[in-house]
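Undergrad: Here the sequence shown stands for residues 1 to 109, where the numbers follow full-length UniProt numbering.
Ideal placement from N, C-alpha and C gives every residue a C-beta, glycine not left out.
Computed from a predicted model, the values in this text were never measured in an experiment.
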Amino acid sequence: MLIDFSQIEPVRGPGMNHGAGEMTAQMVIHSLGRFVLNRIHPYGSIGIHEQKKGEEINYVVSGTGVAICDGKEEFLHPGCCHICPQGSIHTIENTGIDDLVLFTAVIEK
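1) Please go through the same chain and pick out, in chain order, the residues whose beta-carbon is closer than 7 angstroms to the beta-carbon of residue 93, but skip the five residues on each side of it.
2) Where do the N-terminal and C-terminal ends of the beta strand (DSSP E) with residue 26 fall, by residue?
3) Taking only three categories from DSSP, how would you classify residue 41?
4) How big is the Cα-Cα spacing for residue 100 and residue 54?
5) Among 35, 22 and 12, which has the Cα closest to the Cα of residue 112?
6) Short of 6 angstroms in beta carbon distance, which residues of its chain neighbour residue 81, apart from the five on each side in sequence? Order them along the chain.
7) Using DSSP with H/G/I as helix, E/B as strand and the rest coil, what is residue 77?
8) Out of 63, 68 and 84, which one is the CA nearest neighbour of residue 77?
9) What is the rounded straight-line gap between the Cα of residue 68 and the Cα of residue 29?
10) Using alpha carbons as the reference points, say which of 61, 74, 22 and 14 lies closest to residue 151.
11) Which partner residues does residue 102 have in the DSSP bridge list?
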């Protein structure tokens, strides 16, 4: 399966799950799960929520931020990967002045 994000129209809107600021996402929904190229704009966030469907894997392409999963704070930077297990409570915040770009895969079991 090939996903070409350059062929997917970006959708801009408010921070997901009642997060702060705005973000832009390009999403593919597949039988294996959801695959998303996320851009959390400066000082924006994905609001705190329970990870109900599958395991969420966020690979940081560029930018900086913080992920908080079940109370544990993790600093995000290019090249790192934040994994949030199903049932966990988490949020992701862009703490920088540039977009926090994440490749996100939510693998549903």
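TA: The structure says:
1) Residue 93 sits at position 93 when you count from the first residue of the sequence shown. Cβ contact annotation for residue 93 (same chain, cutoff 7 angstroms, sequence separation greater than five): 45, 65 and 66, in chain order.
2) For the purposes of this step, residue 26 is identified with residue 26 of the sequence shown, where counting begins at 1. Residues 22 to 30.
3) Along the sequence shown, one-based indexing puts residue 41 at 41. In the three-state scheme derived from DSSP, where H, G and I count as helix and E and B as strand, residue 41 is classed as coil.
4) Position 100 of the sequence shown holds residue 100. Position 54 of the sequence shown holds residue 54. The straight-line gap from Cα to Cα measures roughly 23 angstroms.
5) Not covered by the structure: residue 112. The range shown for the chain is 1 to 109.
6) Sequence index remark: in the sequence shown, residue 81 carries index 81 (1-based). Once the five neighbours on either side are set aside, the close Cβ partners of residue 81 are 59.
7) Here residue 77 is taken as the residue at index 77 of the sequence shown, counted from 1. Three-state result, residue 77: coil.
8) Counting from 1 along the sequence shown, the entry for residue 77 is found at position 77. Per the Cα distances, 63.
9) Reading the sequence shown from its first residue, position 68 is the one you call residue 68. Reading the sequence shown from its first residue, position 29 is the one you call residue 29. One C-alpha to the other measures close to 25 angstroms.
10) Residue 151 lies beyond the stretch modelled for the chain, which goes from 1 to 109, so this question has no answer here.
11) One-based indexing of the sequence shown puts residue 102 at position 102. Beta-bridge pairing links residue 102 to 38 and 60.
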